[in-house]
Amino acid sequence: MSLLDDIIKAITETDEKTSSILRKCLVLAYQLKNDTLKAWVSKELNGYDRDEPDLPDFRRVGAPARGLFIGAFQQINDQPIPSALLKPEHQHFAETAMLTQPLVAYEAQDPTKNASIPWPANLVILYQSTFFDGDMAGTPRTFAGLDCRRGSYPHADFRT
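Have a look at this one:
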């Protein structure tokens, strides 16, 4: 059986992990002397740079933000945070996530748990004191604590 046949069989007829199949694809890329395939498989196996300009579309996912708001007398769990409430340069934190880790990082996660991406601490601090209007007059409501995350995805772990 040729390597290509082995790859096709692994994709179509087995439960072999994608990372294992990609390792076979890397061997095939070297045999074919295909630099484009080598580069792509290497990035999938080793991860992408955070600012990767050619990140494949399948590694960009919708990731709406949700927050845990804690005040003196109330707590709001899993509250959606519209991206329009954020400054334009921060809106991507409430809209999308770039999945840049090696494929094995996603394969190794507990399939019974949901995953989320915490916001950077500096972003939480920036928005935690005046996130939503507190009343009809527009007085900001102050929250003692805020925990913001992007998305809630079954069977994966996302770190940015």
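Numbering follows our numbering, in which position 67 of the sequence shown is assigned residue number 122; successive positions increment by one, without gaps. Yeah, the Cβ is synthetic: ideal placement off N, Cα and C, and Gly gets one too.
Item, Value
"What do you get for Tyr182, buried or exposed, if any count of 16 or more other CB atoms within 10 angstroms of its CB means buried?", "buried"
"The beta strand (DSSP E) with Gln183 in it runs from where to where?", "Note, Gln183: premise wrong, no beta strand (DSSP E); not H, not E."
"Less than 8 Å between the CB atoms is what I'm expecting for Thr155 and Gly102, so what's the real figure, rounded?", "6 Å"
"Tell me, please, which residues DSSP counts as bridged to Arg114.", "BP columns for Arg114 are empty, so no partner."
"Identify whether Ala152 lies in helix, strand or coil by the three-state DSSP scheme.", "strand"
"Could you pull out every residue in the same chain whose Cβ sits closer than 8 Å to the Cβ of Lys64, ignoring the five residues on either side in sequence?", "Met56"
"If contacts are defined as beta-carbon pairs under 8 Å, then Met153 and Arg114 qualify, I think. What distance do you get, rounded to the angstrom?", "7 Å"
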